[in-house]
Amino acid sequence: MKLKKSIGAVLATLAVSSTGLIALAPITSAGVENCQLGAACLWSDYDSNGFKAWNEDPESQVHSSIDNKSKSAAANGASCSATYFYDFYRGRTGSYFILNSKTRIGTNFRDPDLSNGAGIGKYRYQNWENQVSNITFSDCR
């Protein structure tokens, strides 16, 4: 019976992640090293701790459980070099910061404290704590 439940949980997780939807992970799986390939990740606490929400969809809203509630972020695009994190006031037309892909670029792919600015780009000096609500992948091949 335990085996059936475990297999069911794994299949449910794979189904959610393969649809491009955003998913959540418990506190025990926090950490920037757990921002899986092909994803943009946000955490509820500093230094990639707390609840994690990740997104594998090229353009979408942040999961409601962490929408405007994140304190740290990371990007690990598989085929995209950059990830744009947008503020909650204007969606993809407002302020944003950019994180590079950990796998494709290898530098400037995470920010452990969004309150003191974030990533690169025109708006990098803004306080980004509790401001991210939309994510877009860019420079894809």
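Numbering of the sequence shown is given in our numbering, commencing with residue 1476 and proceeding in unit increments.
The beta-carbon is built from N, C-alpha and C at its ideal position, and this holds for glycine as well.
Please read all numbers here as calculations on a predicted model, not as lab measurements.
Give the straight-line distance between the Cα atoms of LEU1496 and SER1535, rounded to the nearest whole angstrom.
-> Along the sequence shown, one-based indexing puts residue 1496 at 21. Along the sequence shown, one-based indexing puts residue 1535 at 60. For LEU1496, the predicted structure reports a pLDDT of 41, less than 50, and the residue's modelled location is therefore unreliable. A value from the coordinates is still provided. So the alpha carbons of these two residues sit roughly 8 Å apart.
Going straight from the alpha carbon of GLN1601 to that of ASN1524, what length do you get?
-> Stepping through the sequence shown from its first residue, residue 1601 is reached at position 126. Stepping through the sequence shown from its first residue, residue 1524 is reached at position 49. If you take the alpha carbons of GLN1601 and ASN1524, they lie about 21 Å apart.
Please go through the region 1557 to 1590 and give each complete beta strand (DSSP E) segment of 3 or more residues, from N-terminal end onward.
-> Taken in chain order, the whole beta strand (DSSP E) runs of length 3 or more contained in the region 1557 to 1590 are 1571 to 1575.
ASN1530, DSSP secondary structure in three states | In the sequence shown, counting from the first residue as 1, residue 1530 sits at position 55. In the structure shown, the three-state DSSP call for ASN1530 is strand.
First and last residue of the uninterrupted beta strand (DSSP E) at ILE1610 | Locating residue 1610 in the sequence shown gives position 135, where the first residue counts as 1. Per DSSP, ILE1610 belongs to the beta strand (DSSP E) from 1607 to 1615.
Other residues of its chain near THR1582: CB distance less than 7 Å, five sequence neighbours each side excluded = Here residue 1582 corresponds to residue number 107 of the sequence shown, with the count starting at 1. So the list reads ASN1575, once near-sequence residues are dropped.
Which residues share a DSSP beta bridge with LEU1512?
-> Position 37 of the sequence shown, counted from the start, is the residue given in the question as residue 1512. Within the DSSP bridge table, the entry for LEU1512 names no partner.
If you draw a straight line from the alpha carbon of LYS1597 to that of PHE1584, how long is it in whole angstroms?
-> Numbered from its first residue, the sequence shown carries residue 1597 at position 122. Numbered from its first residue, the sequence shown carries residue 1584 at position 109. The alpha-carbon atoms of LYS1597 and PHE1584 are separated by roughly 17 Å.
Roughly how many whole angstroms lie between the Cα atoms of GLY1594 and ALA1557?
-> Counting from one through the sequence shown, the residue named residue 1594 turns up at place 119. Counting from one through the sequence shown, the residue named residue 1557 turns up at place 82. Taking the straight line joining both Cα atoms gives about 11 Å.
Three-state secondary structure (DSSP) of ASP1542 | For this step, residue 1542 is matched to residue 67 along the sequence shown. In the three-state reduction of the DSSP assignment, ASP1542 falls in the coil class, being assigned neither a helical nor a strand state.
Just grab the DSSP bridge partners of TRP1518 for me.
-> Mapped onto the sequence shown, residue 1518 falls at position 43. DSSP, once it has assigned bridges, lists LYS1527, SER1547 as partnering TRP1518.
Return helix, strand or coil for GLN1536, following the three-state DSSP convention.
-> As a working note, residue 1536 is residue 61 in the sequence shown. Note: GLN1536 maps to strand in three-state DSSP.
From the DSSP output, read off the bridge partner residues of GLY1594.
-> In the sequence shown, the residue the question calls residue 1594 occupies position 119. Answer is none; GLY1594 lacks a bridge partner.
LYS1527 and CYS1555: beta carbons closer than 9 Å?
-> Counting from 1 along the sequence shown, the entry for residue 1527 is found at position 52. Counting from 1 along the sequence shown, the entry for residue 1555 is found at position 80. By the CB criterion at 9 Å, LYS1527 and CYS1555 fall outside the cutoff.
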